[in-house]
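For the sequence shown, the residue numbers in UniProt numbering are 1 to 118.
Just so it is clear, CB atoms sit at the ideal spot from N, CA and C, and this is done for glycine as well.
Quantities reported herein were computed from a predicted structural model and do not represent experimental measurements.
Below is one structure; the comments refer to it alone.
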Amino acid sequence: MVVLKNKVKALLAGGAGAIVIAAALLDDLEGRRHEPYRDVAVVLTVCDGHTGKDIVPGKYYTDAECDALLNKDLALVAARIDPLIKVSIPESERAAFYSFAYNVGTGAFAKFSLLKRK
C-alpha cells in the first residue's frame with residue numbers, strides 16, 4: 001500500500017489527470033490477468049477487469065493492450081459520471097470516484113448518496 005501511495009503522490013505532483021491516477025490505482029488493486037477468464041459472475045473478463053464483446057477467448061493480451069483497454073474503460077466511466085459531480089473536486093478525489101465506479105458500475109455509482117454531498 002505504501003508503494004501505491006507513493007505512486008499516486010508522484011502522479012499528483014506531476015500534474016496527472018484523474019484517469020491516469022485511477023489507472024494507477026486500478027493497476028495496483030485489481031490485479032492484471034493477461035488471458036481471458038470468467039469472473040465470479042461468470043462474465044468473460046481480461047486484464048484489469050475489462051468485460052465486453054471485444055474479448056477474444058484464448059488470446060494473450062499484452063501489457064500495452066491491457067493499458068489501452070483500461071484507459072478506454074476509464075474514459076467511458078469519466079464520461080458517464082463527470083456530469084453527476086456538481087462541484088469542483090481535486091483530481092485525486094475524481095480518480096477515486098472513477099476507480100469506485102469502475103468496480104461497482106456507473107449505474108450503481110449514480111445512486112450512491114455520496115454524490116448528494118458533492
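Item, Value
"Helix, strand or coil at residue 60 [DSSP, three-state]", "coil"
"With 16 other Cβ atoms within 10 Å as the buried cut-off, status of residue 49", "buried"
"At least 3 beta-carbon pairs within less than 8 Å: the segment 22–37 vs the segment 58–71", "yes"
"Contained alpha helix (DSSP H) runs [length at least 4] in the segment 14–40, N- to C-terminal order", "18–30"
"Three-state secondary structure assigned by DSSP to residue 104", "helix"
"The beta strand (DSSP E) enclosing residue 46, as first and last residue numbers", "44–47"
"Cβ-based burial, residue 73 [other Cβ within 10 Å; buried from 16]", "buried"
"Among 95, 41, 84, 38, the one whose alpha carbon lies nearest that of residue 71", "95"
"8 Å Cβ cutoff met for residue 19 and residue 75", "yes"
"CB contact flag (residue 22, residue 99, <8 Å)", "yes"
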